[in-house]
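Have a look at the structure below, then the notes.
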Amino acid sequence: MVEFDVHNLQKIKMFVHIAQAVMILIAWSVEIAVFKGADVDGRSGWFFGLCFLSIPALIYLTMTPRFPRTRKLANPYAMACVDALFCILWISAFASQASFNSSGKCKDACGLSKAVVALGVFIWLFWVITTFMSLYGVVYYKREGYLPGASRAPHNANQIDPDKEAFSTAPHDDEYAPVHNTDDHELPVHEGTSFGGLGSGPGPYDENSYGGGYVPPTVHDEPTGYTGYSGAAPVNTSASGRVQFPDARYSNV
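Take 1 as the starting number for the sequence shown in the UniProt record's numbering and just add one per residue.
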């Protein structure tokens, strides 16, 4: 079952006014044909003139609520008054045309004049519908503060759960993904990779090393394969009782 969306009220009302404009144009054309074959008086002339008077009213009722710059002119009370006024005017118009037919002045154009009356009845019924729509717009305006469909808020604003949507990180998963993976990107590169490792660079005395400056020795510079810590070497003493430094490669210091 299709549910009625109050925010589409102005669009529906616009389509009704467009249908009115089409029928008014047809009724105006048929009335011209009646004028050629009948004795015209003020009753048929009133119907003909009201077709022109309806043009500015239809423009106001359809265009002002549609565009943001003209929406300030779409006062709900004024729109309801215009709809109600033309509802009364059109009931008088088709009644005047019907009275013209009963007077016998239509002559050979009585069939066309009856068609004008029928069109006037449908036009009046559409004005009744738009009047009720405008009255509902007044009630909605008094409750919400704006016309239906004229708010900047999204139509499904009532369906949004602020507890879930306001703090949701779903739209930002791609944006924050690199931040979450910083630990993986900052890991040091070990030996055995295609880029070498920390110990794969040139030695401290390598002639091809950058800058050619002195680099402190590391445990990998020792000729032996064992690189662990073995403690201090024993202290040697000479026959005179003097302390001597243990044997070591002091040239590296």
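For each residue, glycine too, the CB sits at the ideal point set by N, CA and C.
query, result
"Skipping 5 residues on each side, what residues in its chain have a beta carbon closer than 8 Å to that of K107?", "G37, A38, D39"
"For P68, does the count of other Cβ atoms within 10 angstroms reach 16, so buried, or fall short, so exposed?", "exposed"
"Rounded to whole angstroms, what's the CA-CA distance from V16 to S103? Just pull it up for me.", "33 Å"
"With a Cβ-Cβ cutoff of 8 Å, do I24 and I123 count as a contact?", "yes"
"How many Å lie between T62 and D41 at the Cα?", "33 Å"
"Just checking my contact of Q97 with V128 at CB under 8 Å: how many whole Å lie between their CB atoms?", "18 Å between Cβ atoms; not a contact."
"If A57 sits next to F100, beta carbons under 8 Å apart, how far is it from one beta carbon to the other, in whole angstroms?", "No, A57 and F100 are not in contact; Cβ-Cβ is about 24 Å, not under 8 Å."
"How long is the line joining the alpha carbons of F48 and F35, rounded to whole angstroms?", "10 Å"
"Quick check on S251: buried or exposed, where buried means 16 or more other Cβ atoms within 10 Å of its Cβ?", "exposed"
"Hey, L135 and A80 are a contact pair by Cβ (cut 8 Å); roughly how many whole angstroms apart?", "6 Å"
"Taking DSSP as the reference, what is the three-state secondary structure of L147?", "coil"
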